[in-house]
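Colleague: Residue numbers (full-length UniProt numbering), protein chains in the order written: chain A, 1 to 322; chain B, 1 to 322. Note that the Cβ used here is the ideal one computed from N, Cα and C, for glycine as well.
#1: Is it buried or exposed for residue 273 of chain B, if we count other Cβ within 10 angstroms and need 16 for buried?
#2: Can you give me, in chain order, the residues of the segment 273-298 of chain A that have a beta carbon less than 7 Å from any beta carbon in chain B?
#3: Which residues, in chain order, does the segment 41-61 of chain A contribute to contact with chain B at a C-beta distance below 7 Å?
#4: Spell out whether any CB of chain B is found under 8 Å from the CB atom of residue 269 of chain A.
#5: Output the residue ranges of the beta strand (DSSP E) runs that lie fully inside the segment 93-178 of chain B and measure 3 residues or longer, sorted by chain position.
#6: Does the beta carbon of residue 309 of chain A sit closer than 8 Å to a beta carbon anywhere in chain E?
#7: Residue 52 of chain A: which of A:67, A:26, A:41 sits nearest, CA to CA?
#8: Please report whether the beta-carbon of residue 168 of chain A lies at a distance below 8 Å from any beta-carbon of chain B.
#9: Who pairs with residue 308 of chain B in a beta bridge, going by DSSP?
#10: Let me see if you follow: with CB-CB separation under 8 Å, is residue 187 of chain A close to chain B or not?
#11: Rounded to whole angstroms, what is the Cα-Cα separation between residue 86 of chain A and residue 286 of chain B?
#12: Tell me whether the beta-carbon of residue 290 of chain B lies closer than 8 Å to the beta-carbon of residue 182 of chain B.
#13: Going by the DSSP bridge assignment, what does residue 42 of chain A pair with across the sheet?
#14: For a contact defined as C-beta to C-beta under 8 Å, what are the partners of residue 313 of chain B on chain A?
#15: From the DSSP output, in three-state form, read off residue 207 of chain A for me.
#16: Would DSSP call residue 49 of chain A helix, strand or coil?
#17: Tell me which residues share the same chain as residue 255 of chain A and place their Cβ nearer than 6 Å to its Cβ, disregarding the 5 neighbours each side in the sequence.
#18: As an exercise, report each continuous alpha helix (DSSP H) stretch of at least 4 residues that is fully enclosed by the segment 219-250 of chain A, in chain order.
#19: With 8 Å as the threshold, decide whether the Cβ of residue 316 of chain B is near any Cβ in chain A.
#20: With respect to the beta strand (DSSP E) encompassing residue 257 of chain A, which residues constitute its N-terminal and C-terminal limits?
#21: Of all the CB atoms in chain B, is at least one closer than 8 Å to the CB of residue 88 of chain A?
#22: What's the call for residue 229 of chain B, buried or exposed, on a 16-neighbour Cβ count within 10 Å?
#23: Measure the beta-carbon distance from residue 84 of chain B to residue 112 of chain B and round it to whole angstroms, keeping in mind my assumption that it falls under 8 Å.
#24: Restricting to Cα atoms, I'd like to know which of B:128, B:307, B:117, B:64 is closest to residue 325 of chain B.
#25: Let's see if you can read the secondary structure: which residues bound the beta strand (DSSP E) around residue 79 of chain B?
#26: Does the pairing of the segment 22-41 of chain B with the segment 34-48 of chain A give three or more beta-carbon distances under 8 Å?
#27: Only counting the same chain, and skipping five residues up and downstream in sequence, which positions put a Cβ closer than 6 Å to that of residue 239 of chain A?
#28: So residue 210 of chain B packs on residue 157 of chain B, CB below 8 Å; how close in whole Å?
#29: Would you be able to state if there are at least three C-beta pairs under 8 Å between the segment 67-78 of chain A and the segment 95-102 of chain A?
#30: In whole angstroms, what is the alpha-carbon distance linking residue 262 of chain A and residue 106 of chain A?
#31: Below 8 Å on the Cβ atoms is my guess for residue 164 of chain B versus residue 8 of chain B; work out the distance and round it to an integer in Å.
#32: Below 8 Å, how does it come out for the segment 187-198 of chain B and the segment 9-24 of chain B: are there three or more Cβ pairs, yes or no?
#33: Under the rule that 16 or more other beta-carbon atoms within 10 Å means buried, what is residue 214 of chain A, buried or exposed?
#34: Note down the Cα distance separating residue 155 of chain B from residue 247 of chain B, rounded to an integer number of angstroms.
#35: Within a Cβ cutoff of 8 Å, which residues of the same chain sit near residue 175 of chain B, ignoring the five residues on either side of it in sequence?
#36: Determine the DSSP secondary structure at residue 181 of chain A, reduced to helix, strand or coil.
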């Protein structure tokens, strides 16, 4: 099977769910009466920070790795990723027993790079520009024959990410709204696809950092913003939305709301404190969106995709460096 | 019912379990294949950081509050606690609809004091000495008629704390060892009691900070050390072991091992990173004991009581104060 040219469908999400079932965790759905009271709505948190490799990314990566036919798989896979997708692809490749190459930009978060290496991937460093990392990827591809598994535009990846929302919709009846963070758009477009297919009354909402609001702006303009300089604490959401992801979000009429970093950090702190769950800023933004946009969420039953928990503990000097 | 004079028995643990069942969470048991591999044994973590009010303390406090007869209960309860027990008692009292007074030493951890206040208790401040806080407690008792619920010597409290181990033993078959942190000895003596009663082949081990190793020293000497100056990051374990707690630990031949703070912080970091669970230092010490004492734990099936998750987030400036 070569990478499909068409955008994924509901059928592809079902196929992904079956394909990753032996490897991925069916993560729990968490509740907090305290946070419900603060938010004024009923929140159901899909705990993807408890997914293997610490983020939803394992779903898409695993789907892509196991969708390859044996001949293609034998040459391995390659990707560029500063973080969770790299680790997820490395783990998926190890589970299939194939090689994995990850192109990491200089200056990437140390804890995330260490995780990629720990799962046995071969690391390649590039300058931190899109052009440089794509060039390095192409170089590795031509040298090894590895298949590129793009972090968010690959249709298998999008379908895989949609399985988190599908599981949540299967677990919790009557969700009115489903909130997911927006970075490259793999998770948000997969979530929107799952909602449209499996719970048409449920509306998907994207949460995007104010300092990286290219998707918000692209939807407003009706065309994809091609350049921007992100400035946000959400290290997983600094990417420009992908073309197929933008097309899906637009076609499915997904509303994207923006969230300031201060609100995201406050929401993260609240969730750590109340739920004792270590979620990363790029996850907490979805809760922050709920707390900051009562006009959308008040009184509703809301699913929140907590995308990951790969917090950089080196950035927490208080307890760990004494 | 007045506070029993005798130390608690296995029957008291069973009674406590029935009494608190409508209010307490039956917390999950967590696994980590990564940590098992590092530790060289099979670990089953009892997740009391997910207990109500964020610690096992709710079990004992709830048992004590609901064991009181109506007449006694009407006058309320009082305790001295710098932290988790105060919050737990406040919540239990609120659930029964009675008053709760908490004597808090000056300089107590801000986040824990805030939690006590949030559960509706009346706060009383005292100097941070045993004499001062006991005097203030006596003052509140005589003014209000409230019943003192001591954080760890109260037999209902000990029996209540033992329900965590009982649940773990009911959930996981064939545990060889059960590790619990040692502070005042409420949890460790309750755990030892549960192990002796419900799984006689399972040995209870206590984990105590090197900088607050009065129980270790008391067991070595065969008599209770009466004075010491604690110096440890484990803010929940700075107390001297209680008399009835020491008597139980001695009678049940519990082995106590000591752990340096560096090892505790490293274990906490490991657990945060791998399991995305926010456990406090006073909990992480139990995992640190396992990682540091392979001669005891290697190859065994081990239960670990993760006692609580009330981390002081103000002590983590990196992400929260930018």
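Modeller: A quick look at the data gives this:
#1: For the purposes of this step, residue 273 of chain B is taken as residue 273 along the second chain, with counting starting at 1. Burial call: buried.
#2: 273, 276, 277, 278
#3: 49, 50, 54
#4: The residue you call residue 269 of chain A lines up with position 269 of the first chain. Yes - at least one Cβ of chain B is within 8 Å of the one on residue 269 of chain A.
#5: 100-105, 122-126
#6: No chain E appears in the structure shown, which is made up of the protein chains A and B.
#7: Mapped onto the first chain, residue 52 of chain A falls at position 52. Of the listed residues, the one whose Cα sits closest to residue 52 of chain A is A:26.
#8: Taking the first chain and counting its residues from 1, one reaches residue 168 of chain A at position 168. By this cut-off, residue 168 of chain A is not an interface position.
#9: In the second chain, the residue the question calls residue 308 of chain B occupies position 308. Note: residue 308 of chain B sits in a beta bridge opposite B:55.
#10: The sequence position of residue 187 of chain A within the first chain is 187, counting from 1. No, because no Cβ of chain B sits closer than 8 Å to the Cβ of residue 187 of chain A.
#11: Counting from 1 along the first chain, the entry for residue 86 of chain A is found at position 86. Counting from 1 along the second chain, the entry for residue 286 of chain B is found at position 286. Straight-line Cα distance between these residues: approximately 33 Å.
#12: Within the second chain, the letter at position 290 stands for residue 290 of chain B. Within the second chain, the letter at position 182 stands for residue 182 of chain B. Taking 8 Å as the Cβ cut-off, residue 290 of chain B and residue 182 of chain B do not qualify as a contacting pair.
#13: Mapped onto the first chain, residue 42 of chain A falls at position 42. A:301.
#14: For the purposes of this step, residue 313 of chain B is taken as residue 313 along the second chain, with counting starting at 1. Within 8 Å Cβ-Cβ: 269, 272, 273.
#15: Counted from its first residue, the first chain places residue 207 of chain A at position 207. Three-state DSSP puts residue 207 of chain A in a strand.
#16: Locating residue 49 of chain A in the first chain gives position 49, where the first residue counts as 1. Reduced to three states, the DSSP call for residue 49 of chain A is helix.
#17: Translated into the one-based positions of the first chain, residue 255 of chain A becomes position 255. Excluding sequence neighbours, residue 255 of chain A sits near 205.
#18: none
#19: Sequence index remark: in the second chain, residue 316 of chain B carries index 316 (1-based). It does; some Cβ of chain A falls within 8 Å.
#20: Position 257 of the first chain, counting from 1, holds the residue named residue 257 of chain A. Where residue 257 of chain A is concerned, the enclosing beta strand (DSSP E) stretches over 255-259.
#21: Start at 1 with the first residue of the first chain, and residue 88 of chain A comes out as number 88. So, not an interface residue.
#22: Here residue 229 of chain B refers to the residue found at position 229 of the second chain. Counting Cβ neighbours within 10 Å, residue 229 of chain B comes out exposed, since fewer than 16 surround it.
#23: As a position in the second chain, residue 84 of chain B is number 84, starting the count at 1. As a position in the second chain, residue 112 of chain B is number 112, starting the count at 1. Yes, they are in contact, since the Cβ atoms of residue 84 of chain B and residue 112 of chain B sit about 7 Å apart, within 8 Å.
#24: The structure shown has nothing for residue 325 of chain B, since chain B only spans 1 to 322.
#25: If you number the second chain from 1, residue 79 of chain B lands on position 79. Run containing residue 79 of chain B: 77-80, per the beta strand (DSSP E) assignment.
#26: no
#27: In the first chain, the residue the question calls residue 239 of chain A occupies position 239. Answer for residue 239 of chain A: 183, 184, listed in chain order.
#28: As a position in the second chain, residue 210 of chain B is number 210, starting the count at 1. As a position in the second chain, residue 157 of chain B is number 157, starting the count at 1. 26 Å between Cβ atoms; not a contact.
#29: yes
#30: Here residue 262 of chain A refers to the residue found at position 262 when the first chain is read from its first residue. Here residue 106 of chain A refers to the residue found at position 106 when the first chain is read from its first residue. Spanning the two alpha carbons is a distance of roughly 27 Å.
#31: Taking the first residue of the second chain as 1, we reach residue 164 of chain B at position 164. Taking the first residue of the second chain as 1, we reach residue 8 of chain B at position 8. At roughly 14 Å, the Cβ-Cβ gap does not stay under 8 Å, so residue 164 of chain B and residue 8 of chain B are not in contact.
#32: yes
#33: What you label residue 214 of chain A is simply residue 214 of the first chain in a count that begins at 1. It is buried - the Cβ of residue 214 of chain A has at least 16 other Cβ atoms within 10 Å.
#34: What you label residue 155 of chain B is simply residue 155 of the second chain in a count that begins at 1. What you label residue 247 of chain B is simply residue 247 of the second chain in a count that begins at 1. So the alpha carbons of these two residues sit roughly 12 Å apart.
#35: Translated into positions along the second chain, residue 175 of chain B becomes position 175. Contacts found: 44, 168, 169, 199, 202, 301, 302, 303.
#36: Looking up residue 181 of chain A in the first chain gives position 181. Three-state result, residue 181 of chain A: strand.
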